[in-house]
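Number of protein chains: 4
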Amino acid sequence: MAKSWTEAHQDDLEERYRAVRALTEALTAPLSDADATVQSMPDASPAKWHLAHVTWFLETFVLRDHVAGYRPFDPRYAFLFNSYYEAEGARHARQMRGMLTRPSLTEIRAYRAHVDAALTGALGMLQQPARALVTLGLQHEQQHQELLLTDLLHLLSLNPLEPALFGAPSAAPVDLPGPLHWIEGREGLVEIGEDGRGSFAFDCEGPRHKAVLRPHALAHRPVTNGEWIAFIEDGGYRTAAHWLSDGWGWVQGEGIEAPLYWKQSEQGWTRFGLDGRQPVNPAAPVTHISLYEADAYASWAEARLPTEAEWESAAQNVAAVSGNQLDGPACPRPKPAEDGSALTQMFGDVWEWTGSAYRPHPGFRAAPGAVGEYNGKFMSGQFVLKGGSCATPRGHARGSYRNFFYPHQRWQFTGLRLAKDL
Amino acid sequence: MAKSWTEAHQDDLEERYRAVRALTEALTAPLSDADATVQSMPDASPAKWHLAHVTWFLETFVLRDHVAGYRPFDPRYAFLFNSYYEAEGARHARQMRGMLTRPSLTEIRAYRAHVDAALTGALGMLQQPARALVTLGLQHEQQHQELLLTDLLHLLSLNPLEPALFGAPSAAPVDLPGPLHWIEGREGLVEIGEDGRGSFAFDCEGPRHKAVLRPHALAHRPVTNGEWIAFIEDGGYRTAAHWLSDGWGWVQGEGIEAPLYWKQSEQGWTRFGLDGRQPVNPAAPVTHISLYEADAYASWAEARLPTEAEWESAAQNVAAVSGNQLDGPACPRPKPAEDGSALTQMFGDVWEWTGSAYRPHPGFRAAPGAVGEYNGKFMSGQFVLKGGSCATPRGHARGSYRNFFYPHQRWQFTGLRLAKDL
Amino acid sequence: MAKSWTEAHQDDLEERYRAVRALTEALTAPLSDADATVQSMPDASPAKWHLAHVTWFLETFVLRDHVAGYRPFDPRYAFLFNSYYEAEGARHARQMRGMLTRPSLTEIRAYRAHVDAALTGALGMLQQPARALVTLGLQHEQQHQELLLTDLLHLLSLNPLEPALFGAPSAAPVDLPGPLHWIEGREGLVEIGEDGRGSFAFDCEGPRHKAVLRPHALAHRPVTNGEWIAFIEDGGYRTAAHWLSDGWGWVQGEGIEAPLYWKQSEQGWTRFGLDGRQPVNPAAPVTHISLYEADAYASWAEARLPTEAEWESAAQNVAAVSGNQLDGPACPRPKPAEDGSALTQMFGDVWEWTGSAYRPHPGFRAAPGAVGEYNGKFMSGQFVLKGGSCATPRGHARGSYRNFFYPHQRWQFTGLRLAKDL
Amino acid sequence: MAKSWTEAHQDDLEERYRAVRALTEALTAPLSDADATVQSMPDASPAKWHLAHVTWFLETFVLRDHVAGYRPFDPRYAFLFNSYYEAEGARHARQMRGMLTRPSLTEIRAYRAHVDAALTGALGMLQQPARALVTLGLQHEQQHQELLLTDLLHLLSLNPLEPALFGAPSAAPVDLPGPLHWIEGREGLVEIGEDGRGSFAFDCEGPRHKAVLRPHALAHRPVTNGEWIAFIEDGGYRTAAHWLSDGWGWVQGEGIEAPLYWKQSEQGWTRFGLDGRQPVNPAAPVTHISLYEADAYASWAEARLPTEAEWESAAQNVAAVSGNQLDGPACPRPKPAEDGSALTQMFGDVWEWTGSAYRPHPGFRAAPGAVGEYNGKFMSGQFVLKGGSCATPRGHARGSYRNFFYPHQRWQFTGLRLAKDL
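Protein chains in written order, with the UniProt record's numbering: chain A, 1 to 422; chain B, 1 to 422; chain C, 1 to 422; chain D, 1 to 422.
Here's what the structure looks like:
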């Protein structure tokens with residue numbers, strides 16, 4: 001959660017509140033009650049659950065704790081929609097979230113409206129700590145907007161009818177990007193981590209701290225689908241030498257042969273997306289790959305993954321902390337790679353796997369209380385991803401952001417950028 | 001399927017068609033799209049799937065095969081809604097049925113209307129083999145009506161809100177039944193199995209054949225909840241000596257301590273039903289028990305389960321092949337046991353586990369073609385249940401009926417009647 | 001256990017005791033400590049465990065219960081070597097039997113010698129009930145002699161070196177058997193089950209009871225390897241229509257393509273045995289097949305499996321209740337089929353799967369106490385096999401014998417004989 | 001493997017060869033064939049396999065590749081005893097290692113003698129690269145000496161008889177250590193990693209590189225059993241707030257309540273060791289704990305785990321790179337903690353979990369060829385442990401050593417030392 005953060009204008013928070021909440025509604029507008037209810041795997045949650053959980057977060061940590069006289073919409077919802085906050089008591093088992101055909105989508109929307117009315121009504125009277133929790137709640141909701149889309153994508157991918165939620169891309173001639181350039185990074189002592197002067201950061205992004213970098217370079221753009229097809233065709237998925245041992249076990253145990261959602265037909269590779277099944281665009285960054293695949297590709301390409309410090313240090317020089325991100329209810333889709341002699345597509349398009357394990361920054365301490373469970377307790381077994389994706393809501397990306405997933409997970413818009421030692 | 005069966009009146013079939021199809025609609029009328037979509041376990045299917053599958057059966061084996069020029073509603077439905085007919089080609093994996101948020105419940109209802117229009121329009125012109133398939137399809141739909149209810153019950157039982165689909169019973173004073181009487185059965189050679197003269201029977205109910213019975217008696221009524229509580233309180237679930245070896249492994253592995261849907265509170269035992277959570281009625285037959293539990297109870301009671309031949313032979317003397325069965329969209333609920341010196345509650349209330357494995361009757365041969373897969377291929381590992389339950393549609397019970405489930409399964413309305421050697 | 005059985009001569013029992021115990025020693029003589037310790041799967045037990053368990057059985061039910069002043073060899077052995085007698089208290093978990101590197105094989109042999117000395121010393125003074133328990137213990141040990149060999153076979157089959165425990169067969173020209181003949185069986189009422197007049201029978205073999213048979217015939221000999229190869233080559237393992245539904249799931253889930261221990265090479269099919277890897281003999285009965293495979297084969301051959309009553313009734317006419325059985329420490333190996341117009345190879349060679357579920361004979365009651373757990377509690381989910389195999393000790397076969405295994409199990413010497421309705 | 005390393009004297013290598021190989025023989029001298037054959041879990045290997053595998057390593061990478069005319073002892077052993085070197089071809093499945101009752105322990109000892117004769121005979125003629133591989137092979141064997149002991153401990157712990165391999169400790173009065181002191185560490189830039197000037201290091205220990213340290217301190221000694229009991233008694237294993245999320249799942253899923261091998265009785269806590277079951281010594285360092293437990297303890301103690309850089313930097317000041325390590329065939333047993341104002345027990349006693357994920361040091365590149373698989377491919381999902389244990393052979397510990405295990409594993413002698421920010 002925010003450690004040091006000051007609000008400029010009260011109006012901004014209300015405006016932001018309305019904007020974030022409205023985007024969630026817009027993203028879920030095309031869903032049926034059934035679409036919003038089913039859980040496709042234990043890692044994913046139903047859309048209805050996302051809608052309710054982010055609302056429970058605001059209801060609990062803001063309304064319950066900071067607004068006198070607030071009456072909860074339904075006292076049973078705390079059990080249903082707490083995700084993992086042990087301090088908040090017993091909760092419904094994660095893998096059973098898809099059993100909740102009741103309450104209905106309509107009831108959940110009424111829940112949202114109830115909380116929105118109470119919260120916007122109270123916003124003007126909230127003190128700074130409570131306002132900081134509102135901001136945290138909105139950042140939290142933005143995270144769930146991305147998960148909501150990737151969870152829906154996973155669900156729809158399991159339907160043999162392969163339904164599309166959004167319109168398909170217009171057919172356009174593909175311009176393959178030129179060769180990959182190497183951009184030299186800083187060497188020696190650098191500073192990374194959140195410095196407490198930005199508008200918001202999660203607790204795990206700080207503290208600001210020093211790191212040492214060796215001579216190295218980053219690729220100017222992410223690896224493309226076209227390059228990935230070359231990896232496949234060179235036997236990349238069948239050559240043990242490229243793979244981490246755990247990755248090789250995963251490839252063999254799961255029968256992995258391509259990125260998630262890819263299929264091969266006589267017409268070539270296709271991928272499934274929220275716009276249905278479409279041809280793979282060879283110019284666009286590869287996505288829906290695991291850390292294991294990213295690491296194997298880098299090994300095959302005689303390169304390596306960047307460390308988090310290398311990536312974040314390089315990102316400090318990128319002018320626009322923005323890119324191809326989510327602006328509204330449309331299909332998230334990575335855009336073709338760009339040529340150029342500077343770093344491109346650092347923010348947006350695809351989350352970039354780093355070679356850094358998700359462990360605390362030096363000096364990190366979790367916040368006290370339930371919100372302190374937000375990040376710190378997940379710091380084992382996962383890897384850091386940087387930069388944001390085409391499904392990350394605009395405004396939610398920053399250089400210090402630390403996304404994290406297990407090395408086999410790939411239902412997010414995950415890709416990679418190569419690095420090498422100089 | 002029916003082996004020898006003649007239609008009396010064409011009108012009857014049409015009338016029956018409309019009645020059976022209408023009951024399915026009525027049973028599912030209270031469901032939301034989400035209620036109808038979720039699959040609660042691999043053994044159960046979503047209501048939407050039941051609605052579509054029974055329709056696919058009629059569409060495929062009647063309209064496609066016997067009505068020239070019929071155009072299928074959607075050619076992709078054959079893949080989605082074939083259950084297990086290998087001869088009909090590839091199909092959607094059973095445990096993935098709950099992923100089908102599309103087609104929607106509304107679309108499935110349109111599918112039903114489409115097939116109903118085509119089939120009732122063609123019915124007058126169908127030849128006898130096709131008409132026999134319509135009858136088979138209706139019997140098949142009746143089976144799924146019962147499964148639909150028990151699958152919904154299982155789904156709703158996993159919702160911590162414990163929603164009720166139907167109204168609750170009115171509170172009434174409980175009259176505990178008097179002592180159990182033993183009704184002597186036939187001895188020596190008897191004939192059981194379907195004799196081909198009834199209005200309909202599934203293929204596995206025949207052929208008619210001789211069996212030898214030893215001196216024995218059946219209890220005049222099923223075991224009640226009150227008696228079951230005595231078994232629990234006597235440590236029945238903790239005493240290995242009562243149990244089959246596989247059953248003891250199941251009790252210990254799953255931590256079984258009571259029938260499915262039962263909970264113990266300070267006020268005593270309650271059970272969950274389609275009318276929500278209610279007190280256990282000690283006068284009603286116990287239900288939602290596995291074969292393992294039924295066998296352990298019988299062992300504890302120094303009795304045994306009846307064989308299928310004993311049960312069916314006894315049932316031949318019961319005047320009304322009917323009882324507390326399903327008549328419409330209301331909560332299925334076993335009725336209190338009756339006193340008396342004759343067999344009571346043989347049909348309806350609860351399916352009665354027998355001690356007979358579900359194996360072919362002597363001389364059984366499966367029908368050729370896809371419908372021949374209806375019963376024969378399930379003849380390993382399962383036990384026969386007789387009589388029908390409160391969720392069995394009226395008209396669907398008969399003495400030769402062979403229901404079958406694995407010995408650990410108990411989400412049906414399953415109970416037991418004791419037998420003993422004389 | 002024996003229900004009605006009288007000992008002719010005291011000397012016979014002692015002689016039998018020495019002979020049975022000596023055969024066990026002879027069978028295990030070629031084993032190293034390691035060979036005797038490892039457990040290859042939960043269904044199998046280490047040889048050392050078999051050696052100790054049968055000894056514990058005699059020590060417990062005879063010496064402890066009937067010989068005053070007997071001191072157990074080691075009081076901790078009751079925990080280690082009780083198999084499944086719940087009435088005898090807590091015991092070592094079955095799947096952990098292979099962890100017992102101590103006590104050593106040498107210590108277990110000392111345990112056997114200790115019990116043998118005590119028991120043969122006491123034998124002359126034992127009363128009839130105790131003597132019946134000695135007989136039961138010897139029959140029990142004979143069962144374990146067969147399991148010991150099949151468990152060793154399974155263990156050695158998992159060793160890439162494929163070691164042979166016994167010498168290989170001499171190469172001999174193969175005489176393929178002539179065509180299969182059908183031998184008509186009895187029709188109408190027959191009597192089967194143990195009649196209490198034989199020298200010994202397990203409790204589950206009785207009581208003697210009537211059964212009704214329809215017109216039918218049995219094949220004069222078991223199905224051969226050569227016939228099985230024809231089944232394989234005709235796509236038998238890839239055609240769903242032949243298979244029970246559970247069987248088809250097993251074939252696909254486990255990737256089954258041939259009997260256990262078979263491999264295909266350019267030179268044709270080979271099988272692994274206690275004599276190492278050898279060519280499949282097309283004239284010998286097929287073995288190491290599951291009930292699922294046997295049933296699928298019968299379906300493919302447009303026949304069926306015999307019922308237990310058909311098989312046992314037919315066996316009553318076979319003169320010699322004996323055949324190719326185990327006589328000493330040599331490789332058990334089914335012998336080539338014989339021509340002829342009468343039933344051949346009914347006893348010995350391979351256990352023959354019947355289509356009958358292993359359920360109690362009418363009127364069966366388990367014996368009281370721990371030995372009552374011997375058979376009755378296993379009466380769910382398994383099928384009956386009849387006749388005995390090449391690994392069944394001579395003298396241990398009889399027509400009423402009921403062997404039983406789960407339908408997927410096939411590490412015993414299991415085969416089949418076809419039946420058909422007339 | 002060694003990247004830069006020069007041999008001083010040829011004689012030393014031969015001497016070292018004999019010493020290392022002899023220790024392995026001595027450690028396994030008390031084992032029976034069965035003890036040496038059984039595999040107690042997939043993570044562990046049989047002693048016989050360790051004996052053969054380290055020999056295969058020398059035979060393959062030294063004798064086969066560098067000694068002309070060498071004839072392998074048995075060409076089938078490459079399949080049996082390759083551990084994980086994909087470049088060396090197909091190999092026996094890891095979890096099936098316990099099925100190898102043949103070759104016998106005696107044969108494996110003959111294999112060792114054969115390779116020893118060939119290798120010591122050739123040693124004088126080997127060039128430096130081959131001599132480096134001999135050194136690597138000996139370091140490799142030392143690693144397996146420790147695994148051999150911990151794998152045996154695990155195996156014997158599963159035997160209800162709880163056999164002791166070595167003599168028990170003499171009962172002695174326990175002196176509880178005084179309070180824990182905090183030793184301030186270096187701040188700012190430090191250098192860690194192997195600098196290529198030592199006598200040997202594995203490839204993953206380098207390259208030497210800079211790291212930045214914040215103000216911090218390390219505890220002067222590891223956490224003791226007595227302190228751990230206080231953690232247990234304070235509900236440490238039942239308080240979610242102390243635990244990493246994955247750790248809490250592990251504690252609940254596995255029912256963890258104490259370190260591995262601990263049991264509670266009326267007389268207090270005992271632990272199982274290679275000296276049998278003994279009372280827990282409250283003065284000795286806690287051992288057989290997972291990273292999850294170590295992290296939860298640190299959280300409870302309001303401290304944290306040291307990073308690898310903090311630990312290694314501190315260790316550079318410790319005079320004796322040695323401690324309570326393995327010197328011969330005796331029971332490894334952590335010694336009571338020492339008081340003092342300097343770091344104690346840094347080397348030996350227990351491996352100390354760090355909070356650092358096992359990832360490559362900056363600039364790391366794996367060696368080419370099969371030996372390059374030695375370390376690099378395991379760099380995901382595991383954590384670094386430092387310092388060595390009472391089961392680490394003397395001479396095998398050094399500050400740059402990077403041991404690594406998954407966060408749930410605890411069958412090694414693993415413990416922890418607290419750290420804190422200043």
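Note that beta-carbon positions come from the ideal geometry of N, C-alpha and C, so glycine has one too.
Just so you know, these numbers come straight off a predicted model, no measurement behind them.
Going by beta carbons, Trp56/B and Ala78/B fall inside the 8 Å limit. Secondary structure at Ala217/C: strand, using DSSP grouped into helix, strand and coil. Within the UniProt domain "Sulfatase-modifying factor enzyme-like" (188 to 316) of chain A, the runs of alpha helix (DSSP H) that reach at least 4 residues and sit entirely inside it are, in chain order, 225 to 233, 245 to 254, 291 to 300, 308 to 315. Under DSSP, Lys386/A shares a beta bridge with Glu352/A. Going by DSSP, Glu59/A is part of no alpha helix (DSSP H) at all; its letter is neither H nor E. In this structure, the CA atom of His154/B is about 45 Å from the CA atom of His140/C. Among the residues of the stretch 92 to 126 of chain D, those with a Cβ less than 7 Å away from any Cβ of chain C are His92, Met96, Gly98, Met99, Leu100, Thr101, Arg102, Ser104, in the order of the chain. DSSP places Ala370/D outside any alpha helix (DSSP H), giving it a letter other than H or E. Against chain D, the beta carbon of Asp33/C has neighbours under 7 Å at Ser32, Asp33, Ala34, listed in chain order.
Distance check between Arg16/D and each of Arg131/D, Gln252/D, Lys420/D places Arg131/D closest, using alpha-carbon atoms only. The residues Leu213, His216, Ala217, Leu218, Glu310, Ser313, Ala314, in chain order, have a CB closer than 7 Å to that of Gly185/B in the same chain once the five nearest residues on each side in sequence are set aside.
Judged by beta-carbon spacing, Glu338/D lies within the 8 Å limit of Pro177/D, meaning their Cβ atoms are closer than that value. As computed with DSSP, Leu326/C is found in a beta bridge with Pro393/C.
Separation of Gly381/A and Glu194/D (C-alpha to C-alpha, rounded to the nearest whole angstrom) is 26 Å. Around the beta carbon of Glu59/A, 16 or more other beta carbons lie within 10 angstroms, which makes this residue buried. Going by C-alpha positions, Arg91/D is about 15 Å away from Pro42/D. Rounded to the nearest whole angstrom, the C-alpha separation of Thr224/D and Ala284/D is 5 Å. Closest in alpha carbon position to Phe364/C, among Val371/B, Gly355/B, Tyr84/B, is Gly355/B.
According to the DSSP secondary-structure assignment, Asp65/B is paired through a beta bridge with no residue.
Between the stretch 252 to 271 of chain B and the stretch 140 to 151 of chain B there are fewer than three inter-stretch CB-CB distances shorter than 8 Å, so the stretches are not counted as touching. Here Lys377/B is buried. Its C-beta has 16 or more other C-beta atoms within 10 Å. Residue environment for Arg333/A: buried (at least 16 other C-beta atoms within 10 angstroms of its C-beta). Counted as a single uninterrupted DSSP element, the stretch harbouring Asp421/B is not any alpha helix (DSSP H) but the beta strand (DSSP E) occupying residues 419 to 421. The beta carbon of Leu260/A lies closer than 6 Å to those of His288, Arg410 in the same chain, with the five residues before and after it left out. Listed in chain order, the positions of the stretch 155 to 167 of chain A with a beta carbon within less than 7 Å of a beta carbon of chain B are Leu155, Leu158, Asn159, Pro160, Leu161, Pro163. The C-alpha of Arg64/D lies about 21 Å from the C-alpha of Val20/D.
Less than 8 Å divides the Cβ of Arg221/B from the Cβ of Thr344/B.
Taking the Cα positions, Gln264/A is about 38 Å away from Ser104/A.
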